[in-house]
Amino acid sequence: MQPKIMMKKKSISASKASLVLFLCQMISALDVPLDLSQPPTITQQSPKDYIVDPRENIVIQCEAKGKPPPSFSWTRNGTHFDIDKDAQVTMKPNSGTLVINIMNGGKAEAYEGVYQCTARNERGAAISNNIVIRPSRSPLWTKEKLEPNQVREGDSLVLHCRPPVGLPPPIIFWMDNAFQRLPQSERVSQGLNGDLYFSNVQPEDTREDYICYARFNHTQTIQQKQPISVKVFSMDSLNDTIAANLSDTDIYGARPVTERQPVLLTPTGSTSTKVELRGNVLLLECIAAGLPTPVIRWIKEGGELPANRTFFENFKKTLKITDVSEADSGNYKCIARNTLGSAHHVISVTVKAAPYWITAPRNLVLSPGEDGTLICRANGNPKPSISWLANGVPIAIAPEDPSRKVDGDTIIFSQVQERSSAVYQCNASNEYGYLLANAFVNVLAEPPRILTPANKLYQVIADSPALLDCAYFGSPKPEIEWFKGVKGSILRGSEYIFHDNGTLEIPVAQKDSTGAYTCVARNKLGKIQNEVQLEIKDPTVIIKQPEYKVIQRYGQVSFECIIKHDSTLLPTVIWLKDNDELPDDERFLVGKDNLTIMNVTDKDDGTYTCIVNTTLDSVSASAVLTVVAAPPTPAVIYARPNPPFDLELTGQLERSVELSWIPGDENNSPITNFVIEYEDGLHEPGVWHYQTEVPGTQTTVQLKLSPYVNYSFRVIAVNEIGRSQPSEPSEQYLTKSANPDENPSNVQGIGSEPDNLVITWESLKGFQSNGPGLQYKVSWRQKDVDDEWTSVIVANVSKYIVSGTPTFVPYEIKVQALNDLGYAPEPSEVIGHSGEDLPMVAPGNVQVHVINSTLAKVHWDPVPLKTVRGHLQGYKVYYWKVQSLSRRSRRHVEKKILTFRGNKTFGMLPGLEPYSTYKLNVRVANGKGEGPASPDKVFRTPEGVPSSPSFLKITNPTLDSLTLEWGSPTHPNGVLTSYILKFQPINNTHELGPLVEIRIPANESSLILKNLNYSTRYKFYFNAQTSVGSGNQITEEAVTIMDEAMASRQVDIATQGWFIGLMCAVALLILILLIVCFIRRNKGGKYPVKEKEDAHADPEIQPMKEDDGTFGEYRSLESDAEDHKPLKKGSRTPSDRTVKKEDSDDSLVDYGEGVNGQFNEDGSFIGQYSGKKEKEPAEGNESSEAPSPVNAMNSFV
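Take the sequence shown: its letters are residues 0 to 1196, numbered as in numbering that gives the first Met the number 0.
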């Protein structure tokens, strides 16, 4: 059996992730920083064709950015839309988005139209698309009289749906009275127009409840057509009917069911045409009649149907081609065929195209005196026309600009000046649509700035591309140059790729690519540079992969996954079974470098994958496990091999030896390979390490050895069942000593005190010493000073402290291994620093700029780097509130600290309290601690809006008055100017009445409201104001008391004698009726109600059998007056998908009993429908619902 091994490797560090980052940077490089002046840019807007729910508020989006922030205005149907004159329309703060209040009395139909938003500032005006607002509609079905369909078996039939025209069009499906989807097949199917087509009818098609449903998704309502009846007459039953009416001498017989060749039901004729737009889905349909049922086939004349975009639906009666283009134009033929012949139809398809971009105009940033172009190119069918606008005005009537020249689809700019800044709009339109794009010309004079953070670290796997970012901005556009290192030469050559957005790409990064890279941006106004760091990491490799295994049921199996990775990356190993997580079973044991499965069962059969992930790359390897049953006969036993024996060492050399052995019994499963392990009895006795492995046909191997190791070897045999026990160890072999081959790793120099340097390293392992007497030569000298190396030899330790050093100076350091036989190769040098001390000076020129009531910006001058006396970690801003200007009481002073990393000279202070006095100071920090504080800086925050009043109580209700008491805001955030009280009545249906507003002086704490309505609930909204604006409001509700006279009148009626007498008479009448009924029942009398109902059954009332699950009192037709009632506001299904009681008479929920019915996306019905809602009976037609005791009592009162 051949081993089956699957391995998969992938790297996430190199091309894919970096390419995505690079593309994102290319986009962002076009943006002007938001702190610079720029014309408006539309960032968000509603779709061009915007269908809204008429029951919910209309939100028309328009968001834009710019500097200064833009103001917004709207047009409606081409004229200015003054939102201040319409109380139902508001605009969101700092936004152009409109909110039209429909839920508070507005009508969506009144706001139909074409809307356009304009965002304007001093540098230009951007406009949105024309947004067409239309409310969705779900009209009722038109009343029609449906005749029963009587069809002969084998004939074709079309049941027409003709749904009401809605916006958007409804989804059509056919169901029966039990709300079950009608089965469809090649013989019976629904067309694209919603009609139900029968290629030939069969006796089982007879039924009286073919019902077409229309689902309107926007309003979440479903309308149903009246049931259609179909009666299929079979030839046998027709012959019996004829025979019963003819004499014996008559010749009779009906035509038997005859087979017919196909005839197309839709489309009609031999040819038709279809126009579709580019990018849409093309749907072509052919439905045929015939017996046997025809089969449909599609071809394209003179060509092939497009691969990967062609789909067949509705039993191949519908041809669907997605994402059509002009190349899909042509003649499509459908062929309907059965055993008697065929019919065909040719559909000539023409693909037109609304405008689409070839080159959309892009924002242009120029400096004074520069030239530039805006290009707007679009295509379509027919060819679109191009027109230009400037700041929303046709360019022909826009203010003239001598630097601008229009040449068709291009605007050419020459010698621009600051006044040339504007927003240009390109409109490409044809009869099928339009495209509108805004592109600004921004004339700026700005020195270069680099947007990439300083000292950004990039880590890349070796042999992968490295992308070093240098995002920049400037006007004129800066030139970018890259250098390696601080004093390196400019980078050139084919090994580097320089991208337009400033990014430096190293296509194949090697170990020697590690280091610092400097990006320099310069234009005629200045120059700036930035340094980034690149580290190259070793790739992760699986050096011992899992292998194909065959294991007997209830045996044990192990998969190995030994990896090699970069020492600075932390790998994680995950095992999968069949690309899914391992079963949650204690039989699966995951070790450091293996997976073991105990007591294997048949369900463990599958593919096992070892995945190794680091932060930079990922590799994986897979192997298949096959579980086999126990051997069929006891004679053949498959087992793991016996261990090898007679191990022998020959050809001993300083760095190699030859090992041979004799294999043990393979136990009916051939040995696939041998694993050789070694023990170092000198340094790690008792610990066995993997050495190598060889094929199962080999019994001798040449082994590479290291100096000064006392080797013992053992061999393990492996077959498809598993691994043998290890062999007995070989004789020991001590290799000769030698100089060390390598030096300590991870050498560092970091001072622990201001006057010392602590040098540390990772010691060599025992077998790396290559001989006895392992020591280390530690050398150091001060960097950039012409000093000699100072060296010392230390024992086998990992640290040495150099005392008496200057404070925080760089040192060159190296550590070399040596033993009794000599030195290791010359080590590489590393740079370390002596100990840090506290910074000496405080930042100067501390300035505070208060931005708003809760935010301030603080600036300071950086301290000289030589005074930092350590690694600059950043600046710390200490700030605290001294006093609240609105409350004189002082509180415990709580200092807050913000740390700004690196050599930053400004920072933002968030979360300040309005109308307060603050102090702050700034300190520089290094690894040792903080330096002295700058002098305290005092600043004040302006007033803000207050918090909500602390409480609102409503007391002393009378007939027409209420007393309100309140507490001042917990956080005034300024000087209170007044309180605002708003209130409105609430009726029994929770509808709100007119809103009344009262302004109250700030020094008041109570108010008596008079002239209120008695026995009325009011809702109150209360908030405080400062000169900045209104704060959050609190709400309460209260009720005035009832009129005492009216209450007494309502009580008095129950004590009137005439009322007591009337109630007694009613009770007596009910008693007499009950006695009469009881007597007639005892006499065996029966009311022939059921017989009368059967005899005079209303044809519109379909009684329902209890055993078939349909409804006994389902009223399918209502009076004409009810069928043509307009849809009430409350009749549509609300957005939470519940159905209200006021729903249309055609709504399916009429047949529910308190459980709201719902439909799945495919139209199938969900929920139990039992009972029905109450309806007012039509004139002259009593309800078919049985009277309940409650209804009987209501009829007497």
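Idealized CB from N, CA, C, for every residue including glycine.
Rounded to the nearest whole angstrom, the CA to CA distance from L318 to I479 is 55 Å. Around the C-beta of C1076, fewer than 16 other C-beta atoms lie within 10 Å, and the residue is accordingly described as exposed. Bounds of the beta strand (DSSP E) holding A427 are 421–429. By the Cβ neighbour-count rule, F197 is buried, with 16 or more other Cβ atoms within 10 Å of its own. For D370 and R376, the gap between their C-alpha atoms comes out near 20 Å. Burial of R922 is indicated by the presence of at least 16 other C-beta atoms within 10 angstroms of its C-beta. Put simply, the backbone Cα of N93 is about 19 Å away from that of P32.
It is roughly 19 Å from the alpha-carbon of L191 to the alpha-carbon of S269. When the Cα atoms are used, K230 and L158 turn out to be separated by approximately 13 Å.
In this model, T358 and L434 are separated by some 12 Å (Cα to Cα).
If you check the CB distance, R868 and P842 do not come in under 9 Å. Here DSSP, grouped into helix, strand and coil, assigns L871 to coil. Between I541 and C609, the C-beta gap is smaller than 9 Å, which places the two residues in contact. Out of H970, W481, I1007, the CA that lies nearest to the CA of P945 is found in H970. Rounded to the nearest whole angstrom, the CA to CA distance from V1038 to F80 is 41 Å. The beta carbon of V862 lies closer than 7 Å to those of P838, V840, P842, V923 in the same chain, with the five residues before and after it left out. Annotated three-state conformation of D583 is coil, per DSSP. Between the alpha carbons of A353 and S271 lies a distance of about 23 Å.
A direct Cα-to-Cα measurement between D819 and A737 gives close to 9 Å. For C211, the uninterrupted beta strand (DSSP E) run begins and ends at 206–215, by DSSP. V791 carries a strand assignment under DSSP once its states are collapsed to helix, strand and coil. For R119, the enclosing beta strand (DSSP E) covers residues 112–120. Here T806 has P753, D836, R868 as same chain residues with Cβ atoms under 6 Å from its own Cβ, once five neighbours each way along the sequence are excluded. The beta carbon of C211 sits closer than 6 Å to those of C160, W173, K224, all from its chain and outside the five residues before and after it, given in chain order. Secondary structure at S744: strand, using DSSP grouped into helix, strand and coil.
DSSP lists S977 as the bridge partner or partners of P1000.
DSSP, read as helix, strand or coil, puts N1081 in helix. Exposed is the label assigned to Q651, since fewer than 16 other Cβ atoms lie within 10 Å of its Cβ. Of the other Cβ atoms in all chains shown, 16 or more fall within 10 Å of the Cβ of F412; this residue is therefore buried. Within the stretch 148–204, complete beta strand (DSSP E) segments of at least 3 residues are found at 148–151, 156–158, 170–174, 187–189, 195–197, given in chain order. Assignment of beta-bridge partners to K230 by DSSP yields Q149. For F950, the enclosing beta strand (DSSP E) has its first and last residue at 948–954. Around the beta-carbon of W73, 16 or more other beta-carbon atoms lie within 10 Å, marking it buried.
Note on T502: 16 or more other CB atoms within 10 angstroms of its CB, so buried under the neighbour-count rule. Secondary structure in the stretch 525–553: the beta strand (DSSP E) runs of 3 residues or longer, each lying completely within the stretch, are 525–536, 540–543, 548–551 in chain order. Comparing alpha carbon positions, the residue from N76, F71, V693 closest to D83 is F71.
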